[in-house]
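Below you'll find the structure, written out as structure tokens, and then a few comments.
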Amino acid sequence: MKLILIGFGVVGQGFAEILRDRGSELRRKHNFAAQIIGVVTASKGSLYQSSGLDPASLLQAAESGSFDNYPTQPGLRRGLTASDMIEAREADALVEASPSNLETAQPALEYCHLALDAGMHLTLANKGPVALDYANLQAKAREKGLQLRYEATVMAGTPTMHLAEAALAGCEIHSARGILNGTTNYILSQMETGKSYDEALAQAQELGYAETDPTGDVEGWDAAGKLLILGNALFASGHAMADLDVSGITAISAADIADAKAAGQRYKLIASATPAGGSVKATRLPLDDPLANVGGSTNAITLETDLMGHITLIGAGAGKLETGYAILSDLLAIKRATGLA
Ligand code: HSE
Numbered sequence: 000m001k002l003i004l005i006g007f008g009v010v011g012q013g014f015a016e017i018l019r020d021r022g023s024e025l026r027r028k029h030n031f032a033a034q035i036i037g038v039v040t041a042s043k044g045s046l047y048q049s050s051g052l053d054p055a056s057l058l059q060a061a062e063s064g065s066f067d068n069y070p071t072q073p074g075l076r077r078g079l080t081a082s083d084m085i086e087a088r089e090a091d092a093l094v095e096a097s098p099s100n101l102e103t104a105q106p107a108l109e110y111c112h113l114a115l116d117a118g119m120h121l122t123l124a125n126k127g128p129v130a131l132d133y134a135n136l137q138a139k140a141r142e143k144g145l146q147l148r149y150e151a152t153v154m155a156g157t158p159t160m161h162l163a164e165a166a167l168a169g170c171e172i173h174s175a176r177g178i179l180n181g182t183t184n185y186i187l188s189q190m191e192t193g194k195s196y197d198e199a200l201a202q203a204q205e206l207g208y209a210e211t212d213p214t215g216d217v218e219g220w221d222a223a224g225k226l227l228i229l230g231n232a233l234f235a236s237g238h239a240m241a242d243l244d245v246s247g248i249t250a251i252s253a254a255d256i257a258d259a260k261a262a263g264q265r266y267k268l269i270a271s272a273t274p275a276g277g278s279v280k281a282t283r284l285p286l287d288d289p290l291a292n293v294g295g296s297t298n299a300i301t302l303e304t305d306l307m308g309h310i311t312l313i314g315a316g317a318g319k320l321e322t323g324y325a326i327l328s329d330l331l332a333i334k335r336a337t338g339l340a
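Mapping the sequence shown onto numbering that gives the first Met the number 0, position 246 (from 1) lands on 245, and the numbers just tick up by one.
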């Protein structure tokens, strides 16, 4: 399976590390031999090689700050744009892992449409296109018999989408409620131990949890984007950001946290969705609420179903390998659906 990667930040590097470290195991166990043939970034340059780029060398070059330091080899092309790479029509799938833009979804959205037009399957870690243009992307993918996958967009590689789509396929899902942002959950947990908001945010950035611009995390927009994606995936709800009631954690002070603690409660940024709408809101939970005990960057979601009652999934919501793994799990799903190896 030949891949073009847009973006080589936390997610792209996590995925490349998995290919570097598990490549032979994936071939042996799953007959899966993914090759990254193109990588485009905003800050490190771009590389394209039809016969496949070496994940270890990509990671080394990224660490040095520029793909200029990727070893020159016969057939290697530097400086191609994402459109050039898609138009070359050599890749089987596009991996969109550039920073999320929840206002316009661009430039990623354009590349997603170009890739589908060129017959490529699509997997996204970038939330913008699936939060804002899901219906069009899905219609185009269906019409062309292509896979549109986006496990990484909600709860990193914790299999939320796979759970809903495959394991719960025979159930009606009535609602979803959970903790969908790792950065804010980490900050709230750290503040409870006495760290300042700024210190905790800086740590969340260092650990790779926060978005490139963390405003969206702390103001609730990242969780809201995930709610839109879940709404589309679970209920085909087609809501827009303006339909959701969104606030974040910026108004929560150390005193509020101490106050909640004294009352046997804990603040969590709770995201909830039903087919009718959704909200993201910092909420004081009693300690016996299962969501109150989900700490650090861990995320959780409870799906309310007709046949199975409540099902709760708890797992990583952010992180390098954890989100890189989501890309791998989508590509393995594409392999199962298409036979591409
Ligand atoms: N910034 C996101 C979070 C990353 O903190 O949850 C994973 O989507």
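C-beta atoms are modelled at their ideal positions from N, C-alpha and C, and glycine is treated no differently.
I'd like the list of long-range same chain contacts for residue i, defined as Cβ closer than 8 angstroms, with 5 residues on each side in sequence excluded.
i    : result
T214 : W220
P128 : E95, A104, A107, L108, C111 and L136
A151 : V10, A96, T122, L123, A124, T322, A325, I326 and D329
Residue i: beta carbon under 7 angstroms from a heavy atom of the ligand HSE?
i    : result
N180 : yes
Y208 : yes
G316 : yes
A155 : yes
D67  : no
D329 : no
D221 : yes
D216 : yes
Using CA coordinates, which residue listed in the options is at the minimum distance from residue i?
i    : options                   : result
A209 : V10, M0 and L4            : V10
I256 : G44, K194, A32 and A15    : K194
A81  : L327, L93 and A166        : L93
L327 : G314, P289, G156 and L284 : G156
M344 : L52, A175, R141 and A272  : Lying outside 0 to 340, the shown extent of the chain, residue 344 is not represented and no answer is given.
K43  : I35, I36 and D67          : D67
I269 : G247, E102, T304 and G314 : G247
D305 : E205, M190, C170 and A163 : C170
Could you spell out where the beta strand (DSSP E) holding residue i opens and where it closes?
i    : result
A332 : Premise fails: A332 lies in the alpha helix (DSSP H), K319 to T337, not in any beta strand (DSSP E).
S174 : I172 to I178
P285 : G276 to P285
V94  : A92 to E95
E150 : Here E150 belongs to no beta strand (DSSP E), and DSSP marks it neither H nor E.
N30  : Here N30 belongs to no beta strand (DSSP E), and DSSP marks it neither H nor E.
I143 : Rather than Ile, the amino acid found at residue 143 in this sequence is Lys. That residue, K143, is in no beta strand (DSSP E); its alpha helix (DSSP H) goes Y133 to K143.
Sorted by chain position, which residues of the same chain lie with C-beta nearer than 7 angstroms to residue i's C-beta, five sequence neighbours on each side aside?
i    : result
G181 : Y208, S296, N298, G316 and A317
Under 6 angstroms Cβ to Cβ from residue i, same chain only, skipping five residues before and after it: list those, please.
i    : result
D91  : M0, K1 and L339
H120 : A92, L145, Q146 and I333
L57  : A15
I59  : Here the sequence assigns Gln to residue 59, which means Ile is not the residue at that position. For Q59, where only same-chain residues beyond five positions count, there are no Cβ hits under 6 angstroms.
L126 : Per the sequence shown, residue 126 should be read as Lys rather than Leu. Excluding positions up to five away in sequence, the list reads S99, T152 and G224.
Check whether chain C comes within 8 angstroms of residue i, counting only Cβ atoms and requiring the distance to be less than that.
i   : result
S45 : Checking the listed chains, one finds no chain C in this structure; it contains a single protein chain.
What span of residues does the alpha helix (DSSP H) with residue i cover, start to end?
i    : result
L312 : Note, L312: premise wrong, no alpha helix (DSSP H); beta strand (DSSP E) at H309 to A315.
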